[in-house]
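Novice: Residue numbers (our numbering), protein chains in the order written: chain G, 1 to 130; chain H, 1001 to 1265. Sharing a structure, written as structure tokens. Questions coming.
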Amino acid sequence: MKKLAVKCGAIAAALLVAGQLWAHHGAGIYDRAQSVTVTGAVTQFEFVNPHVLIYIATMDADGREVEWSGELTSPNRLARSMNGVKWHKDLLAPGDIVTLIGNPARNGAPALLLNRVLDGDGNVLTGTGR
Amino acid sequence: MADRRFRLVSPSVLLLAALLGFGVPRAPAQSPSGDAQAEESQRAAGHGADLRGVWNNNPPEAALPFQIDSWSAEPPKFTAWGQGRFDAAKPSRGPRGVPVAETDDPVYACFPPGTPRIYLHPFPMEIVQTPGRVLMVFEYDHLIRQIYTDGREHRTDLAPMWMGDSIGRWDGETLIVETSNFNDKTWLDRTGVPHSEELRVTERIRLVDADNLQIDITMEDPIALAEPWHAQRFFRRTDWTIEEFSCMDNVNFLDYESEILEFDE
């Protein structure tokens, strides 16, 4: 995926300092040492327990549409503005441009354990996945 | 929180408020005035404290590496039995975590987490006090712990329980809670630490200040643990309400996780 920006070093170190040394769902799903950034238009926004899910449509370098998804924490936590913007069930609509930043699936699936979500203007919607 | 400020208001102001027709300010979900009076006289006698509020986990920095999953950075010292059960467990979290679809963690089958593991689940809890009981209402799966403070003993008639049976007594302003009568179907934490039906949990619950609550926990189990396991949990007062989180929603999440696992590049 040529559009992916893989950032190690500073971001990985920041995650360690933030106390996320241990994998949320175990080592089998996400690679906590890697960070991926994808931008696209929202196709689905599921503001549900146990994890809020965001799906976006992106285009890879070969012009194929790839749907990326990202998981966040419980909507209860996001609605309490622990991380800045107070989330709600209508925050994102299909077509909204968002940037998802998170740890990718180990097996190459287009899925992220989200650490940060930005809106179309680059504003932070949430700064941490937990 | 309004109730807390109420205690600092002078009697003359209260009299004026009453004369003007204003009700006595109450915190939300306040018990009737009879209960408040009983608690006031209890406190006047030097027993008890007002622990009411919606509390959220507020870990100290040193605990950050482990506190979301366990009580210490390393597992406790086990007996041979305990070590065997720990080694065989397949937790979804921690350094040997497996995907949720493969875990044998009872929480993912939506069984109650047990005590004190319930504190590890990252959702707030509300303390409600009535005469004779302190209730902990957990947002996680709407679990309720009833801590009886009316002097009763542990149950001897009922079979072992998921959350155990809790009795409490006040030592000044500290609530000392003893919980026993556990079944052995829960884990002590989220990394797979086991326990037997002999588990006894002691908690000392107190306000550090008006906005901070501390719980000192001791877990003792001669069958599973070679020595007592000590832990601390710190909570900060919030202005939140307890919302809904149903464990059964994890069932939907399993589908999402399965799709990821089945991806074939």
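Think of the CB as a built atom: it goes at the ideal place given N, C-alpha and C, for glycine as much as any other residue.
Just verifying my parser: in three-state terms, what is the DSSP assignment at G/SER81?
Specialist: For this step, residue 81 of chain G is matched to residue 81 along the first sequence. Correct three-state label for G/SER81: coil.
Novice: State buried or exposed for H/ILE1144, treating a residue as buried only when at least 16 other CB atoms are found within 10 Å of its CB.
Specialist: For the purposes of this step, residue 1144 of chain H is taken as the residue at position 144 of the second sequence. With fewer than 16 other Cβ atoms within 10 Å, it is exposed.
Novice: In three-state DSSP terms, what is H/GLY1082?
Specialist: As a first step, residue 1082 of chain H is located in the second sequence; it is residue number 82 there, counting from the start. In this structure, H/GLY1082 counts as helix in the three-state DSSP scheme.
Novice: Touching or not, the stretch 91-100 of chain G and the stretch 1246-1265 of chain H, by the rule of three or more beta carbon pairs under 8 Å?
Specialist: Flag = no, the stretch 91-100 of chain G and the stretch 1246-1265 of chain H do not touch.
Novice: Exposed or buried, what is H/SER1258 when buried is set at 16 or more other beta-carbons lying within 10 Å of its beta-carbon?
Specialist: Your numbering for residue 1258 of chain H matches position 258 in the second sequence. H/SER1258 is exposed by the Cβ-count criterion.
Novice: In angstroms with no decimal places, state the Cα-to-Cα distance between H/THR1186 and G/ILE29.
Specialist: Numbered from 1 along the second sequence, position 186 holds the residue referred to as residue 1186 of chain H. Numbered from 1 along the first sequence, position 29 holds the residue referred to as residue 29 of chain G. The straight-line gap from Cα to Cα measures roughly 25 Å.
Novice: With a threshold of 16 other CB atoms inside 10 Å of the CB of G/LEU78, please say whether the residue is buried or exposed.
Specialist: Within the first sequence, numbered from 1, the residue matching residue 78 of chain G stands at position 78. The residue is buried, with at least 16 neighbouring Cβ atoms inside 10 Å.
Novice: Give, in chain order, every residue of the stretch 1250-1264 of chain H whose Cβ lies closer than 9 Å to some Cβ of chain G.
Specialist: Flagged, chain order: ASN1250, ASN1252, PHE1253, TYR1256, GLU1257, GLU1259, ILE1260, LEU1261, GLU1262, PHE1263, ASP1264.
Novice: H/ARG1190: which of H/ALA1049, H/SER1180, H/GLN1067, H/ILE1176 sits nearest, CA to CA?
Specialist: As a working mapping, residue 1190 of chain H is identified with position 190 in the second sequence. Checked all of H/ALA1049, H/SER1180, H/GLN1067, H/ILE1176; the closest Cα to H/ARG1190 is H/GLN1067.
Novice: Closer than 8 Å, CB to CB, is H/TRP1071 near chain G or not?
Specialist: The residue labelled residue 1071 of chain H in the question sits at position 71 within the second sequence. It does not: the Cβ of H/TRP1071 has no partner Cβ on chain G nearer than 8 Å.
Novice: Between H/GLU1243 and chain C, is any beta-carbon pair separated by less than 8 Å?
Specialist: This model lacks chain C altogether, as its protein chains are G and H.
Novice: Run down chain G in chain order and give the residues with a C-beta less than 9 Å from the C-beta of H/PHE1123.
Specialist: The residue you call residue 1123 of chain H lines up with position 123 of the second sequence. The answer, in chain order, is SER74, ASN76, ARG77.
Novice: DSSP three-state call for G/SER35: helix, strand or coil?
Specialist: As a first step, residue 35 of chain G is located in the first sequence; it is residue number 35 there, counting from the start. Three-state DSSP puts G/SER35 in coil, outside helix and strand.
Novice: Taking C-beta to C-beta, are G/GLU141 and G/ALA57 nearer than 8 Å?
Specialist: There is no way to answer for residue 141 of chain G, as the model of chain G reaches only from 1 to 130.
Novice: Rounded to whole angstroms, what's the CA-CA distance from G/GLY108 to H/ALA1224? Just pull it up for me.
Specialist: For the purposes of this step, residue 108 of chain G is identified with residue 108 of the first sequence, where counting begins at 1. For the purposes of this step, residue 1224 of chain H is identified with residue 224 of the second sequence, where counting begins at 1. Taking the straight line joining both Cα atoms gives about 40 Å.
Novice: According to DSSP, simplified to helix, strand and coil, what is H/ALA1231?
Specialist: Residue numbering aside, residue 1231 of chain H sits at position 231 when the second sequence is read from its first letter. In the structure shown, H/ALA1231 sits in a strand (DSSP, three-state: E or B).
Novice: If you follow the beta strand (DSSP E) that G/ASN103 is in, where does it begin and where does it stop?
Specialist: For the purposes of this step, residue 103 of chain G is taken as the residue at position 103 of the first sequence. From DSSP, the beta strand (DSSP E) with G/ASN103 extends over 97-104.
Novice: I'd like the list of long-range same chain contacts for H/ALA1101, defined as Cβ closer than 8 Å, with 5 residues on each side in sequence excluded.
Specialist: In the second sequence, counting from the first residue as 1, residue 1101 of chain H sits at position 101. Excluding positions up to five away in sequence, the list reads LEU1254, GLU1257, SER1258, LEU1261.
Novice: Let me check understanding here. Comparing Cα to Cα, which of H/GLU1243, H/PHE1245, H/MET1219 lies closest to H/GLY1114?
Specialist: Position 114 of the second sequence holds residue 1114 of chain H. That would be H/MET1219, whose Cα lies nearest to the Cα of H/GLY1114.
Novice: Within a Cβ cutoff of 6 Å, which residues of the same chain sit near H/ALA1231, ignoring the five residues on either side of it in sequence?
Specialist: For the purposes of this step, residue 1231 of chain H is identified with residue 231 of the second sequence, where counting begins at 1. Here the set comprises TRP1071, ILE1217.
Novice: Just to confirm, is the Cβ distance from H/GLY1269 to H/ILE1127 under 8 Å?
Specialist: In the structure displayed, chain H extends from 1001 to 1265; residue 1269 of chain H sits before or after that span and is not available.
Novice: Taking H/LEU1158 as the reference, give the member of H/ASN1181, H/PRO1116, H/GLU1227 with the closest Cα.
Specialist: Numbered from 1 along the second sequence, position 158 holds the residue referred to as residue 1158 of chain H. Per the Cα distances, H/ASN1181.
Novice: Which whole-angstrom value describes the C-beta separation of G/TYR55 and G/THR39, a residue pair presumed to lie in contact below a C-beta threshold of 8 Å?
Specialist: Locating residue 55 of chain G in the first sequence gives position 55, counting from the first residue. Locating residue 39 of chain G in the first sequence gives position 39, counting from the first residue. Not quite, the Cβ-Cβ distance comes to about 13 Å (not below 8 Å), so this is no contact.
Novice: Just how far apart, CA to CA, sit G/ASP62 and G/ASP121?
Specialist: In the first sequence, residue 62 of chain G corresponds to position 62, counting from 1. In the first sequence, residue 121 of chain G corresponds to position 121, counting from 1. Near 26 Å, if we compare the C-alpha coordinates of G/ASP121 and G/ASP62.
Novice: Can you pull the chain G neighbours of H/TRP1240, defined as C-beta to C-beta under 7 Å?
Specialist: Walking along the second sequence from the start, residue 1240 of chain H turns up at place 240. Residues of chain G passing the Cβ test: ARG80.
Novice: Going by the beta-carbon positions, is the gap between H/ILE1242 and H/PRO1112 smaller than 8 Å?
Specialist: To locate residue 1242 of chain H, count along the second sequence from 1; it is residue 242. To locate residue 1112 of chain H, count along the second sequence from 1; it is residue 112. For H/ILE1242 and H/PRO1112, no; Cβs fall outside 8 Å.
Novice: Determine the burial state of H/ARG1152: buried for a count of at least 16 other Cβ atoms within 10 Å of its Cβ, exposed for fewer.
Specialist: Within the second sequence, residue 1152 of chain H is the residue found at index 152, counting from 1. Result: exposed.
Novice: Chain G beta carbons: is any one of them nearer than 8 Å to that of H/SER1246?
Specialist: Translated into positions along the second sequence, residue 1246 of chain H becomes position 246. Taking Cβ atoms only, chain G reaches closer than 8 Å to H/SER1246, which makes this a yes.
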